[in-house]
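If you read the sequences in order, they're chains A and B. Per full-length UniProt numbering, the first sequence starts with residue 1, numbered consecutively. Per full-length UniProt numbering, the second sequence starts with residue 1, numbered consecutively. We put the beta carbon where it would ideally sit given N, CA and C, even for glycine.
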Amino acid sequence: MELKFKEVIIEALEIEDREILMSDKFKEFEEWDSLAQLTLIAELDDQFGVTIQSEDFKKIQTLQELFDHIQKVQ
Amino acid sequence: MRSHNPFTLTGKTILITGASSGIGQGIAVACASQGAKVLLLGRDLERLKETIALCENGCDHGMISLDLADDTKIKEEFESFVKPYAPIDGFVHAAGISPTIPFKVMKKNQVLETFQLNLFSAITLIQTLSKSALKSSEGMSMVMISSVMSEVGEKGKSLYAMTKAAMVGMVKSLALEYADKNIRFNAISPSVINTPLSLKSEYRKDDAAMKLVQSQHPLGLGEIEDVANAAVYLLSDASKWATGTNMIVDGGYLAR
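1) Name the two residues that bound the continuous beta strand (DSSP E) containing B/His93.
2) CB-CB under 7 Å to B/Asp206, same chain, minus the five flanking residues each way: which ones, in chain order?
3) Counting pairs of beta carbons, one from the segment 33-40 of chain B and one from the segment 48-55 of chain B, are three or more of them closer than 8 Å?
4) Does any residue of chain A bring its CB to less than 8 Å from the CB of B/Ile101?
5) Just list the beta strand (DSSP E) runs in the segment 108-187 of chain B, keeping only unbroken ones of 3 residues or longer that don't cross its boundaries, in chain order.
6) Who does B/Ser65 pair with in a DSSP beta bridge?
7) For A/Asp68, count neighbouring Cβ atoms within 10 angstroms of its own Cβ and tell me buried if that reaches 16, exposed if not.
8) To the nearest angstrom, how far is it from the Cα of B/Ser136 to the Cα of B/Thr17?
9) Just the chain A side, please: which residues come within less than 7 Å of B/Lys155 by C-beta, in chain order?
10) At a CB-CB cut-off below 7 Å, which residues of chain A make contact with B/Lys104?
11) First and last residue of the alpha helix (DSSP H) that includes B/Val16?
12) So, with DSSP's three-state summary, where would you put A/Thr39?
13) Could you tell me whether the Cβ atoms of B/Ser189 and B/Asn246 are closer together than 8 Å?
14) Between which two residues does the alpha helix (DSSP H) holding B/Val192 run?
15) Do you know offhand how far A/Asp46's Cα is from B/Val105's?
16) What are the boundary residues of the beta strand (DSSP E) that B/Asn229 is part of?
17) I want to see whether chain A comes within less than 8 Å of B/Glu46, judged by CB atoms only; does it?
18) Please state the DSSP three-state secondary structure of A/Val50.
19) Using 8 Å as the limit for Cβ to Cβ distance, is B/Glu76 near chain A?
20) Three-state secondary structure (DSSP) at B/Lys240?
21) Which of the three DSSP states, helix, strand or coil, is assigned to B/Ile23?
22) Work out the CA separation of A/Glu30 and A/Lys4 for me, nearest whole Å.
23) Could you check which residue in B/Thr195, B/Ala165, B/Ile183 and B/Tyr178 has the C-alpha nearest to that of B/Leu234?
24) Give the DSSP bridge partners of B/Thr245, in chain order.
25) Residues in its own chain within less than 6 Å of A/Ile52 by CB, not counting five upstream and five downstream?
26) Where does the unbroken alpha helix (DSSP H) through B/Ala208 begin, and where does it stop?
27) Within 10 angstroms of the Cβ of A/Glu14, are there 16 or more other Cβ atoms? Answer buried if so, exposed if not.
28) Below 8 Å between beta carbons is the criterion; list the residues of the segment 42-68 of chain A that meet it against any residue of chain B, in chain order.
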């Protein structure tokens, strides 16, 4: 599932040209903005059937935290 | 000096959608203050009652709770509601939603839902209102609340912009199609207005984003009354020679 999760992140943020680590703080990515956030939330909903509430999303910093949250609520 | 005030709406009956809040509510209040009987259409009857309470001559007005997402219901219920109030002199379609959806993840159901509320519902209402039995012998004025997004783009707003640009396109053709029936069609395209909904926008929480939005509006951000006053003009006899137009009310946003 981690592999699929990373694929979704790469696809949503259009960062096919580089490696990502689960420890990455994705909100610090150069590509990150409000539109990227909407795209990511929609893609995660599509691919994992998980709707992330904005309050929860605000607290999440790293990809690992995002991944853990998805597993928890799935 | 003329005794007749061409800007008055006295004696006119105006139907307004989206009247339970924001721009629709402001238009209802402005129309009533200019002497019109207003017929309010919205989802929530309690909130429509709040609008009626803000209107002058509250007891003269009418309201109907109707979900514009449901076209079948509009067809079933709207005509019987509006018939006792005929003739109708004006219509304002202020109902609508403004989703922010990245194009990449846009779904067909989101497209259909937004078009239904912003445009398709207006089509059904206009088709009913333009029937000769409902129309005033002195003509009719139909006003669509569009947006500056009908003219320019914004990231994440492609769906909203599609509906608002389509609305302006519709207005121009209907102006020609209905001119011989003395029905005028015009759009109003506001930019950022201080509505309860826009006050909750993401950019309002970000100082830099808010400063940027403000700097794009030489006259500052708009108030509901700025759009409502434009609507009053287009509904009144003062605009009897105006049809097929898109009135930009944007504090200078599109001027540069």
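In this structure, then:
1) Run containing B/His93: Gly90 to His93, per the beta strand (DSSP E) assignment.
2) Once the five neighbours on either side are set aside, B/Asp206 has no close Cβ partner at all.
3) Result yes; three or more Cβ-Cβ pairs closer than 8 Å.
4) It does: the Cβ of B/Ile101 has a partner Cβ on chain A nearer than 8 Å.
5) The qualifying runs are 140-145.
6) Its beta-bridge partners are B/Gly42.
7) By the neighbour-count criterion, in which 16 or more other beta carbons inside 10 Å mark a residue as buried, A/Asp68 falls on the exposed side.
8) Distance from the CA of B/Ser136 to the CA of B/Thr17, rounded to the nearest whole angstrom, comes to 19 Å.
9) Correct list: Leu35.
10) In chain order: Thr39.
11) In the sequence on display, residue 16 of chain B carries Ile and not Val. From DSSP, B/Ile16 is part of no alpha helix (DSSP H) but of the beta strand (DSSP E) over Thr13 to Thr17.
12) Under the three-state reduction of DSSP output, A/Thr39 falls in the helix class.
13) Yes.
14) Where B/Val192 is concerned, there is no enclosing alpha helix (DSSP H), given that its DSSP letter is neither H nor E.
15) So the alpha carbons of these two residues sit roughly 9 Å apart.
16) No beta strand (DSSP E) holds B/Asn229; the alpha helix (DSSP H) holding it covers Ile224 to Leu235.
17) No, no contact with chain A.
18) Assignment of A/Val50 by DSSP, reduced to helix, strand and coil, places it in the coil class.
19) Residue contact with chain A for B/Glu76: absent (no Cβ-Cβ distance below 8 Å to any residue of chain A).
20) B/Lys240 falls in the coil class under three-state DSSP.
21) DSSP places B/Ile23 in the helix class (H, G or I) of the three-state scheme.
22) Roughly 22 Å between the two C-alpha positions.
23) Nearest C-alpha to B/Leu234: B/Ile183.
24) Beta-bridge pairing links B/Thr245 to B/Asn186.
25) Excluding its 5 nearest sequence neighbours in each direction, A/Ile52 has C-beta neighbours in its own chain below 6 Å: Ile41, listed in chain order.
26) The continuous alpha helix (DSSP H) containing B/Ala208 extends over residues Asp207 to Ser215.
27) By the 10 Å Cβ count, A/Glu14 comes out exposed.
28) Contact annotation: in the segment 42-68 of chain A, residues whose CB is within less than 8 Å of a CB in chain B are Ala42, Glu43 and Asp46.
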